[in-house]
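Engineer: Mind looking over this structure? Questions follow.
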Amino acid sequence: MNKMEKKNQSEGIKRREFLQNSAVFAVSAIFLSGYKVYGSLSVSQMGNSIPTVKLNNGIPMPMLGFGTNTLNGSVCERSVSDAISVGYRLIDTAKVYGNEESVGAGIKQSGVKREELFITSKLWVDDSGYENAKKAFETTLNKLGLEYLDLYLIHRPRGDVKGSWKAMEELYGKGKIRAIGVSNFEPDQLDELMANAKIKPAINQIETHVFFQEHKLYEALKKVKVQMEAWSPFAAGRNGIFSNQTLAEIGKKHNKSIAQVCLRWHHQRGIVAIPRSTQKAHIIENLDIFDFELDKSDLQKIATLDLNKTQFPEWG
Ligand SMILES: NC(=O)c1ccc[n+]([C@@H]2O[C@H](COP(=O)([O-])OP(=O)(O)OC[C@H]3O[C@@H](n4cnc5c(N)ncnc54)[C@H](OP(=O)(O)O)[C@@H]3O)[C@@H](O)[C@H]2O)c1
């Protein structure tokens, strides 16, 4: 390579780095807009971070995170590392996803300090009960390569829920978990758990998206101050969500994509959402939702999309 070619190559690299850094900066810059209140929910935005919501035990949780179901091996590791590098801080995994080691490797690869992250995992049904739950939690920590979790959830209301919760309360007391919660619990199942609990669940992570808006559960959780978190915020692409006409029209009006409209809708409801993607462009796009507002007519149109039923009937 002659002198001129070397110079061109080095300028090309510099230009590429500049463009990449600008893209990250552009996404970060939109988080600088201060403090917002939606209904009774107060959301704070600090520095260049994603807005957080205060859980019922006082700890802040990012309102937008990164889901990892079905991601495995190097794809999982790269996607998690990409997500953290562009600004995500909340990462959601579970023992049953079989990817805790890859998620842990992605976290390590990102180089971001542990205390800046918010890591969630979940106790699977087979590990329910007091002793089993304690063992399963240790295995999860070891696989992730972490000293503590920010959030640990009972994945489904099955098995010895009371025993599992007792173990989780103890781990919480010892500072091994910063918040404990549940997933896929109906209001009566939550009531039963709370009737016997010393510590109230901070979270209920449930299926909710524009096709399954879960209004009753939404109100019930609000009443007992348990934060709602949306799994499959895009219905995992089912029911033609990414080509839905209504969502496309709303997106066009705001110069946003269907994915961004969906995530903004969750955000304005005060729900934490954890979209998954393996594509860096999508991972960045999904963060870019804090510079626009869905208005009344947009929300009315989205309300009409509710089919009031799960898009995952096979999961019972
Ligand atoms: N607690 C539970 O029982 C439970 C159950 C299910 C899920 N979860 C959690 O919730 C997370 C999210 O749910 P999910 O993984 O089922 O699905 P999801 O996030 O609703 O949808 C993921 C799909 O959307 C696509 N996508 C993402 N961003 C996009 C964009 N900007 N434009 C177009 N397509 C886009 C992805 O494809 P690309 O990769 O091509 O972008 C992928 O096919 C899970 O990963 C998991 O952490 C929890």
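Residues 17 to 332, numbered by our numbering, are exactly what the sequence shown covers, in order.
Just so it is clear, CB atoms sit at the ideal spot from N, CA and C, and this is done for glycine as well.
#1: Quick check on the burial criterion: 16 or more other C-beta atoms within 10 angstroms. Buried or exposed for W331?
#2: Among S144, V141, F153, S180, whose alpha-carbon lies nearest the alpha-carbon of N212?
#3: When every heavy atom of ligand 1 is checked, does at least one fall within less than 7 Å of the C-beta of G83?
#4: Ordered along the chain, which non-local residues of its own chain (more than five positions away) have a Cβ less than 6 Å from that of A99?
#5: Look at the alpha carbon of D204 and the alpha carbon of Y164, and state the distance between them as a whole number of angstroms.
#6: Just the C-alpha distance for A251 and D322, rounded to the nearest angstrom, thanks.
#7: Between the alpha carbons of H270 and V112, how many angstroms are there, rounded?
#8: Looking at E230 and W247, is the spacing between their C-beta atoms short of 8 Å?
#9: Does the beta-carbon of P291, which I'm using as the reference point, lie nearer than 7 Å to any heavy atom of ligand 1?
#10: Considering only residues of the region 238-277, which uninterrupted beta strand (DSSP E) runs meet the minimum length of 3 residues and lie entirely inside it, listed in chain order?
#11: Considering R94, what are the terminal residues of the beta strand (DSSP E) in which it resides?
#12: Could you check the C-alpha separation between S38 and V102 for me, to the nearest Å?
#13: What does a CB cutoff of less than 7 Å around K22 pick up in its chain, not counting 5 residues either side in sequence?
#14: Indicate the three-state DSSP secondary structure (helix, strand or coil) for R285 in the structure shown.
Structural biologist: In this structure, then:
#1: Position 315 of the sequence shown, counting from 1, holds the residue named residue 331. Result: exposed.
#2: Position 196 of the sequence shown, counted from the start, is the residue given in the question as residue 212. It is S180.
#3: Within the sequence shown, residue 83 is the residue found at index 67, counting from 1. Yes, ligand 1 has a heavy atom inside 7 Å of this Cβ.
#4: The count along the sequence shown starts at 1 and reaches residue 99 at position 83. Cβ neighbours of A99 beyond the five flanking positions: F82, I299.
#5: In the sequence shown, counting from the first residue as 1, residue 204 sits at position 188. In the sequence shown, counting from the first residue as 1, residue 164 sits at position 148. Rounded to whole angstroms, D204 to Y164 spans 30 Å at the Cα level.
#6: Reading the sequence shown from its first residue, position 235 is the one you call residue 251. Reading the sequence shown from its first residue, position 306 is the one you call residue 322. Going by the C-alpha atoms only, they are around 12 Å apart.
#7: For this step, residue 270 is matched to residue 254 along the sequence shown. For this step, residue 112 is matched to residue 96 along the sequence shown. Rounded to whole angstroms, H270 to V112 spans 38 Å at the Cα level.
#8: In the sequence shown, residue 247 corresponds to position 231, counting from 1. In the sequence shown, residue 230 corresponds to position 214, counting from 1. The answer is no: Cβ separation not under 8 Å.
#9: Here residue 291 corresponds to residue number 275 of the sequence shown, with the count starting at 1. True, at least one ligand heavy atom lies under 7 Å from that Cβ.
#10: Runs of the beta strand (DSSP E) inside the region 238-277: 243-247.
#11: Taking the first residue of the sequence shown as 1, we reach residue 94 at position 78. From DSSP, R94 is part of no beta strand (DSSP E) but of the alpha helix (DSSP H) over 89-102.
#12: Translated into positions along the sequence shown, residue 38 becomes position 22. Translated into positions along the sequence shown, residue 102 becomes position 86. For S38, the predicted structure reports a pLDDT of 36, less than 50, and the residue's modelled location is therefore unreliable. A value from the coordinates is still provided. Each residue's Cα considered, the two are about 11 Å apart.
#13: As a first step, residue 22 is located in the sequence shown; it is residue number 6 there, counting from the start. Confidence at K22 is low in this model, with a pLDDT of 47, below 50, so the placement of that residue should be treated as unreliable; the coordinate-derived value is given next. Short of 7 Å from the beta carbon of K22, and not among the five residues preceding or following it, lies no beta carbon of its own chain.
#14: Position 269 of the sequence shown, counted from the first residue, corresponds to residue 285. The answer is helix: DSSP assigns R285 an H, G or I state.
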